[in-house]
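**Q** With our numbering, the residue at position 103 of the sequence shown is 101, and numbering never jumps.
Just so you know, even glycine gets a beta-carbon here, dropped at the ideal spot from N, CA and C.
I'd like to ask some things about the structure below.
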Amino acid sequence: MSHLFFRITIASIFSLFVFNGKRNIEYQPIMNSVQQTETQNLYAQLHLADIGLKKIVYDKAISGWNILKKRNILPKSGLLTIVDFSQSSNSKRLYIIDLEKAVVVFNTYVAHGRNSGNEFAVSFANTQNSFKSSLGFYVSSQTYIGNHGLSMCLKGLEKGINDDAETRGIVMHGAVYVSEKFIKNSGRLGRSQGCPAVSQELSKPIINFIKNGSCVYMYYPDVSYRKHSLFG
């Protein structure tokens, strides 16, 4: 598949399926008892609680992923990336799960926007130059070489919540301020301009693994998000 065809395909999907913030029963997750059991078992099987991922966060991620998969929005539907912004930036709060192989492929650090908070992210936005992170569900897109080297575009799927990610230049990239050394020297992880930045050492393997159509979910128990998101 050419890059041009991929961009056109994803753009078409995005224009059709950006959720408009109005609740509609059609978009509620539908999982039969077998699927529910499988996902419940996977949480325990992967020992996700032991590496810091709360069950409520996992359940919300799976619920939204299930909706997007059923709507054929995810060309790489077997992968799920979860960013848990309710955790300290000093924690490994990025989880990349291969649902088909039942394995946690990456569990590492990820930065939030500098105006979202210091050690903890507490404020989020969808506006240009806010330098804040945006919550909700995304689909990973194409890569490019920019100021931070290999970077990956993100398409926000929730209108008014993260759908301006592209115009804001919200991408995944590597950064020198995402490291245990930075935490040791500063007391917290460094911060981005709103991008979910990862370490320079892991940026290439992570980006190459999840690029081109996988689900990315950024979580925080935000009242406004729960009020306006179709995913709750």
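Does VAL221 come out as helix, strand or coil in the three-state DSSP assignment?
**A** Three-state result, VAL221: helix.
**Q** Got a sec? Which residues, its chain only, sit under 6 Å from TYR218 by beta carbon, not counting five neighbours each side?
**A** Counting only Cβ-Cβ distances below 6 Å, and skipping sequence neighbours, we find PHE83, SER84, LEU133.
**Q** Am I right that VAL102 and ARG91 are in contact with their C-beta atoms under 8 Å? What's the rounded C-beta distance?
**A** Actually they are not in contact, since the Cβ atoms of VAL102 and ARG91 sit about 13 Å apart, beyond 8 Å.
**Q** Quick check: the Cα distance between TYR56 and PHE229, rounded to an integer number of angstroms?
**A** Their backbone Cα atoms lie some 13 Å apart in a straight line.
**Q** Measure the alpha-carbon distance for LYS74 versus LYS202 and round it to whole angstroms.
**A** So the alpha carbons of these two residues sit roughly 18 Å apart.
**Q** Whose C-alpha, out of GLU156, ILE54, LYS99, is nearest the C-alpha of HIS226?
**A** Nearest C-alpha to HIS226: GLU156.
**Q** DSSP on GLU156, reduced to helix/strand/coil?
**A** The answer is strand: DSSP assigns GLU156 an E or B state.
**Q** So, SER138 versus GLU117, is the Cβ gap smaller than 8 Å?
**A** Result no, Cβ atoms of SER138 and GLU117 do not sit closer than 8 Å.
**Q** Could you tell me which uninterrupted beta strand (DSSP E) segments, each at least 3 residues in length, are contained entirely in the segment 98 to 128, listed from first to last along the chain?
**A** As far as the segment 98 to 128 is concerned, its whole beta strand (DSSP E) runs of at least 3 residues are 101 to 106.
**Q** Tell me, to the nearest whole angstrom, how far the beta carbon of ALA173 is from that of GLN191; I am working on the premise that it is less than 8 Å.
**A** Going by Cβ atoms, the distance from ALA173 to GLN191 rounds to 10 Å, so no, they are not a contact pair.
**Q** Can you name, in chain order, every residue of its own chain whose Cβ lies under 8 Å from the Cβ of ALA47, other than the five neighbours on each side?
**A** So the list reads TYR41, LYS53, once near-sequence residues are dropped.
**Q** Beta-carbon of LEU228 versus every beta-carbon of chain D: anything under 8 Å?
**A** Given the protein chain composition of this structure (a single chain), no chain D is represented.
**Q** Below 7 Å CB to CB, which residues in the same chain sit around GLU164 once its five sequence neighbours on both sides are set aside?
**A** Correct list, in chain order: CYS151, LYS153.
**Q** Among the residues of its own chain, which have a CB less than 6 Å from the CB of LEU51, if the five just before and after it don't count?
**A** Excluding sequence neighbours, LEU51 sits near TYR93.
**Q** Do the segment 111 to 126 and the segment 183 to 190 meet, that is, are 3 or more Cβ pairs less than 8 Å apart?
**A** Yes: the two stretches touch, three or more of their Cβ pairs being nearer than 8 Å.
**Q** Mapping the DSSP letters down to three states, classify ASP96 as helix, strand or coil.
**A** In this structure, ASP96 counts as strand in the three-state DSSP scheme.
**Q** In this structure, what does DSSP give as the bridge partners for SER248?
**A** Because the chain here runs from -1 to 230, residue 248 falls outside it and cannot be looked at.
**Q** What are the boundary residues of the beta strand (DSSP E) that includes LEU77?
**A** Its beta strand (DSSP E) spans residues 77 to 82.
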